[in-house]
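Let me begin by presenting the structure, written as structure tokens, before commenting on it.
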Amino acid sequence: MRHALAVAGLVLAVAALAGCGTQRAPAAQQARSASPACDLVASPTGSDHAAGTVAAPLRTPQRLLARLRAGQVGCLRGGTYVQDVRVGRSHITLTSFARERAKIVGRLWVQRQAHDDTISGLLLDGRNPRRYPSPTVNGDHITFVENHVTNGRTGICFDLGGVAGYGIAQHTLLLRNRIHGCGALPASNRQHGIYIEHTLDTRIVDNVIYDNADRGIQLYPDAQRTTITGNVIDGNGEGIIFSGDGATASNHTTVQRNLVTNARIRADVESWYPGRLRGTANVVRDNCLWGGRATVDPSEGGFVATDNVVADPGYRDRRAGDFRLAPGSPCAALLARSTAPAGPAGETPASVG
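Take any residue in the sequence shown, count from 1 to its spot, add 414: that is its number in my numbering.
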């Protein structure tokens, strides 16, 4: 119960800050200020034989997770942890220690048996020897909030759901993360920022998804009832793609009030189907679209695009990762009901003007 209250408090705090206008705190500061109390602590200078207290911290994230019980919060002190991490517990939170920022270098895998977990306020560098996707999510009701996710251009970043017993990911929430630099160059058409693979009821909300080798978001082959809203999706090989594998297709997707811009290789929004089956009830509406080979490529079908604005959004400094909108942006009114995007390195207030 205490975990549920802590997670609810964290999400409510983020939501409350999102409505505070131009004076909101930086994203990293929001994550730190909303951090719940720590039941166990790890530090790069600790020992995995220690008690796990602030005075006697554990050393590795994996040992910290192994010691957590349902309803508990595990905190990582600032510093770098080089380790592949498997999350197999349920009803737990893994986060940075208050006013600090921890970095995990390695694959983060939320396994099938895990559910109702929260990963927050971390720097997640998914580089791993086998170049597996990271974070990989096969559990249910998993939340990632205000993390910074990359992998040094070595492969896919978020991979949601899997086949052959790995676990369909249900009710995943990605909220206010920065996801960039995913996928090797030159582009291979296979390495994406977010790969929504075999899923139900995924929500992608208020993230900044940029500079990834291939798709910013790929819905393939079996993503069902996905909501994508309030995100910046900029400078990827392609922005968003709806797709299937011939026997299945991704359906009932809502893409609304996003900035989908500057695709480098193909369209900002597109689809692709290898057979006759097409997606159904996929809607792209009330977004701001700009750049790319095309803003929308409807040639393969499977989605409907309506009431979108085609205009340069006027980012303050997209090369520096500052996706705030300059005063007078033609996209500002359209996005007014969404949390505005974060500035460089997640540290700039999300505001217009």
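A virtual CB, placed ideally from N, CA and C, is assigned to each residue, including glycine.
| Item | Value |
| --- | --- |
| Own chain residues within Cβ distance below 7 Å of W686, not counting five before or after | I655, S657, E714 |
| Q632 versus V698: straight-line alpha-carbon distance, rounded | 14 Å |
| Straight-line Cα distance separating Y729 from P744 | 11 Å |
| Cα-Cα separation between T532 and V724, rounded to whole angstroms | 36 Å |
| Nearest residue (CA-CA) to V551, options R500, H505, L508 | R500 |
| Distance between Q525 and I608 (C-alpha atoms, nearest Å) | 17 Å |
| I506 and L522 closer than 8 Å at C-beta | no |
| Q476, DSSP secondary structure in three states | helix |
| Run of the beta strand (DSSP E) containing S664, from where it starts to where it stops | Careful: S664 lies outside any beta strand (DSSP E) and carries neither H nor E. |
| For D573 and Y580, the rounded distance between their alpha carbons | 12 Å |
| Which of helix, strand or coil DSSP assigns to A747 | coil |
| Beta-carbon gap between V669 and D682 smaller than 8 Å | no |
| Burial state of P727 (16 or more Cβ within 10 Å) | buried |
| Reference E560, options G535, D625, C702, P549, closest by Cα | G535 |
| Nearest-angstrom Cβ-Cβ length linking N696 and N665, presumed shorter than 8 Å | 7 Å |
| Extent of the continuous beta strand (DSSP E) run through Y580 | No beta strand (DSSP E) contains Y580, which DSSP labels as neither H nor E. |
| Candidates C489, D711, R707, D625, of which the one nearest G460 by Cα | C489 |
| N722 versus A708 - alpha carbon distance | 14 Å |
| Residue closest to N626, alpha-carbon to alpha-carbon, out of P688, A677, V487, R690 | A677 |
| Pairwise C-alpha distance: N565 and A719 | 32 Å |
| Among T616, R617, E652, R503, the one whose alpha carbon lies nearest that of D530 | R503 |
| Contact set for A601: own chain, Cβ-Cβ below 7 Å, skip 5 residues either direction | A627, D628, G651, I679 |
| Beta-carbon spacing of A553, A516 below 8 Å | First, the amino acid is wrong: residue 553 is Gly here, not Ala. No; because the gap between Cβ atoms is not below 8 Å, this pair is not in contact. |
| 7 Å CB neighbourhood of N603 in its chain, flanking five on each side removed | D628 |
| Host beta strand (DSSP E) of P635 (start-end) | 629-638 |
| According to DSSP, residues forming a beta bridge with G715 | Looking at the DSSP assignment, G715 forms no beta bridge with any residue, so it has no partner. |
| Cβ neighbours of G576 in the same chain (closer than 7 Å, five flanking residues each side left out) | N552, E611, H612 |
| Beta strand (DSSP E) segments (min. 3 residues) lying fully within the region 519-599 | 522-524, 529-534, 536-539, 554-559, 562-564, 572-574, 587-589, 592-594 |
| A598 beta carbon less than 8 Å from that of T641 | no |
| DSSP beta-bridge partners of A456 | L472, L490 |
| Of the residues I570, Y546, A637, the one placed nearest T586, counting alpha carbons only | A637 |
| Beta-carbon gap between P475 and Y495 smaller than 8 Å | yes |
| Alpha-carbon to alpha-carbon, V563 and L454 | 24 Å |
| CB-CB length for F717 against G693, believed under 8 Å | 6 Å |
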